[in-house]
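See structure below.
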(Lines of atoms letter the chains of each structure in order from A and count residues from 1; the text may use other names and numbers.)
(Lines give C-alpha, C1' and ligand atoms only; values in the text may rest on other atoms or scores of the structure.)
Protein backbone atom coordinates (compact mmCIF):
# COMPACT_ATOMS: atom_id res chain seq x y z
CA UNK A 1 0.00 0.00 0.00
CA UNK A 2 1.69 3.13 -1.22
CA UNK A 3 0.47 6.53 -0.19
CA UNK A 4 -0.60 8.64 -3.17
CA UNK A 5 -0.90 12.02 -1.43
CA UNK A 6 0.44 13.94 1.54
CA UNK A 7 -1.86 14.17 4.54
CA UNK A 8 -2.72 17.43 6.26
CA UNK A 9 -4.84 18.00 9.34
CA UNK A 10 -7.81 18.89 7.13
CA UNK A 11 -7.40 15.59 5.22
CA UNK A 12 -8.17 13.63 8.39
CA UNK A 13 -11.19 15.67 9.50
CA UNK A 14 -14.48 13.80 9.52
CA UNK A 15 -15.69 10.32 10.35
CA UNK A 16 -14.11 7.11 9.15
CA UNK A 17 -15.22 3.45 9.26
CA UNK A 18 -12.75 0.63 9.93
CA UNK A 19 -12.15 -1.66 6.95
CA UNK A 20 -9.30 -3.80 8.34
CA UNK A 21 -6.85 -4.27 11.20
CA UNK A 22 -3.69 -6.16 10.25
CA UNK A 23 -0.59 -6.85 12.33
CA UNK A 24 2.67 -7.49 10.47
CA UNK A 25 5.37 -9.26 12.50
CA UNK A 26 9.09 -8.60 12.18
CA UNK A 27 9.22 -11.83 10.14
CA UNK A 28 6.73 -10.43 7.61
CA UNK A 29 3.96 -12.78 8.77
CA UNK A 30 0.55 -11.10 8.98
CA UNK A 31 -2.36 -11.83 11.28
CA UNK A 32 -5.85 -10.50 11.91
CA UNK A 33 -6.12 -10.27 15.73
CA UNK A 34 -9.62 -8.76 15.56
CA UNK A 35 -10.90 -11.15 12.89
CA UNK A 36 -11.66 -10.70 9.22
CA UNK A 37 -14.42 -8.13 9.70
CA UNK A 38 -13.58 -5.85 12.63
CA UNK A 39 -15.87 -2.92 13.27
CA UNK A 40 -14.86 0.56 14.28
CA UNK A 41 -15.04 4.26 13.78
CA UNK A 42 -12.64 7.13 14.19
CA UNK A 43 -13.64 10.77 14.24
CA UNK A 44 -11.34 13.78 13.82
CA UNK A 45 -12.80 17.22 14.59
CA UNK A 46 -11.69 20.69 13.56
CA UNK A 47 -10.87 21.69 17.14
CA UNK A 48 -8.07 19.11 17.39
CA UNK A 49 -10.00 16.34 19.11
CA UNK A 50 -10.53 12.74 18.06
CA UNK A 51 -12.16 9.56 19.29
CA UNK A 52 -11.84 5.96 18.21
CA UNK A 53 -13.81 2.80 18.89
CA UNK A 54 -12.74 -0.62 17.62
CA UNK A 55 -14.59 -3.91 18.03
CA UNK A 56 -13.56 -7.48 17.24
CA UNK A 57 -15.50 -9.18 14.43
CA UNK A 58 -18.89 -10.10 15.82
CA UNK A 59 -19.09 -12.99 13.35
CA UNK A 60 -16.06 -14.70 14.89
CA UNK A 61 -16.89 -17.86 16.83
CA UNK A 62 -17.33 -17.02 20.50
CA UNK A 63 -16.63 -13.32 20.03
CA UNK A 64 -19.69 -12.31 22.03
CA UNK A 65 -18.58 -14.51 24.94
CA UNK A 66 -15.16 -12.93 25.37
CA UNK A 67 -14.49 -10.06 27.72
CA UNK A 68 -11.70 -7.53 27.43
CA UNK A 69 -8.26 -9.09 27.79
CA UNK A 70 -5.16 -7.56 29.29
CA UNK A 71 -3.38 -7.56 25.93
CA UNK A 72 -4.70 -4.97 23.48
CA UNK A 73 -4.66 -7.51 20.63
CA UNK A 74 -6.80 -9.94 22.63
CA UNK A 75 -9.33 -7.36 23.81
CA UNK A 76 -12.54 -7.34 21.85
CA UNK A 77 -13.27 -3.65 22.38
CA UNK A 78 -11.05 -0.56 22.45
CA UNK A 79 -12.13 3.04 22.82
CA UNK A 80 -10.27 6.26 23.50
CA UNK A 81 -10.45 10.01 23.04
CA UNK A 82 -7.56 12.37 22.58
CA UNK A 83 -6.18 15.63 21.33
CA UNK A 84 -4.41 15.16 17.99
CA UNK A 85 -2.00 16.91 15.68
CA UNK A 86 -0.36 16.07 12.37
CA UNK A 87 3.35 16.38 11.62
CA UNK A 88 2.95 17.03 7.89
CA UNK A 89 6.66 16.67 7.13
CA UNK A 90 6.88 13.24 8.77
CA UNK A 91 3.31 12.20 7.81
CA UNK A 92 2.59 11.16 11.40
CA UNK A 93 -0.51 11.86 13.48
CA UNK A 94 -0.09 11.92 17.26
CA UNK A 95 -3.00 11.04 19.53
CA UNK A 96 -2.40 12.52 23.01
CA UNK A 97 -4.76 10.22 24.90
CA UNK A 98 -6.94 11.64 27.65
CA UNK A 99 -9.43 8.80 28.24
CA UNK A 100 -8.97 5.15 27.25
CA UNK A 101 -10.58 1.78 27.87
CA UNK A 102 -6.98 0.59 28.27
CA UNK A 103 -5.91 2.39 31.48
CA UNK A 104 -2.19 2.21 30.66
CA UNK A 105 -2.86 4.35 27.56
CA UNK A 106 -4.18 7.30 29.61
CA UNK A 107 -1.85 10.31 29.43
CA UNK A 108 0.29 8.72 26.71
CA UNK A 109 0.95 9.66 23.10
CA UNK A 110 0.20 7.15 20.36
CA UNK A 111 1.87 7.93 17.03
CA UNK A 112 0.59 6.62 13.71
CA UNK A 113 2.12 6.87 10.24
CA UNK A 114 -0.48 8.22 7.79
CA UNK A 115 -1.13 6.78 4.34
CA UNK A 116 -3.66 8.09 1.82
CA UNK A 117 -4.45 5.47 -0.81
CA UNK A 118 -5.66 5.86 -4.39
CA UNK A 119 -9.16 4.61 -3.49
CA UNK A 120 -9.52 7.42 -0.90
CA UNK A 121 -8.95 5.19 2.10
CA UNK A 122 -6.74 6.11 5.03
CA UNK A 123 -4.14 3.89 6.70
CA UNK A 124 -2.81 4.49 10.19
CA UNK A 125 0.20 2.35 11.12
CA UNK A 126 1.90 2.24 14.49
CA UNK A 127 5.26 4.01 14.38
CA UNK A 128 6.76 1.95 17.19
CA UNK A 129 6.35 -1.84 17.13
CA UNK A 130 3.71 -3.20 19.51
CA UNK A 131 4.22 -6.23 21.74
CA UNK A 132 2.04 -9.20 20.84
CA UNK A 133 1.82 -12.74 22.13
CA UNK A 134 4.21 -13.85 19.37
CA UNK A 135 6.79 -11.02 19.53
CA UNK A 136 6.50 -7.53 18.09
CA UNK A 137 4.64 -6.22 15.08
CA UNK A 138 3.35 -3.11 13.38
CA UNK A 139 -0.41 -2.66 13.35
CA UNK A 140 -2.06 -1.12 10.28
CA UNK A 141 -5.66 0.03 10.40
CA UNK A 142 -7.37 0.88 7.12
CA UNK A 143 -10.27 3.33 7.22
CA UNK A 144 -12.84 4.52 4.67
CA UNK A 145 -14.99 7.62 4.96
CA UNK A 146 -18.53 7.13 6.13
CA UNK A 147 -20.97 7.91 3.31
CA UNK A 148 -22.56 11.35 3.52
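In my numbering, the protein residues as written are -14 to 133.
Heads up, the beta-carbon is just placed ideally off N, CA and C, and yes, glycines get one too.
| Asked | Found |
| --- | --- |
| Thinking C-alpha only, which one of -12, 129, 85 and -10 is nearest residue 38? | 85 |
| If distances are taken between C-alpha atoms only, which option among 19, -11, 7 and -1 comes closest to residue 126? | 7 |
| So, helix, strand or coil for residue 19, using DSSP? | coil |
| Could you pull out every residue in the same chain whose Cβ sits closer than 7 angstroms to the Cβ of residue 111, ignoring the five residues on either side in sequence? | 97, 123 and 124 |
| From the DSSP output, which residues share a beta bridge with residue -1? | 29 |
| From which residue to which residue does the beta strand (DSSP E) around residue 137 run? | Lying outside -14 to 133, the shown extent of the chain, residue 137 is not represented and no answer is given. |
| Any contact of the segment 67 to 78 with the segment 11 to 23, i.e. 3+ C-beta pairs under 8 angstroms? | no |
| What are the boundary residues of the beta strand (DSSP E) that residue 116 is part of? | 115 to 117 |
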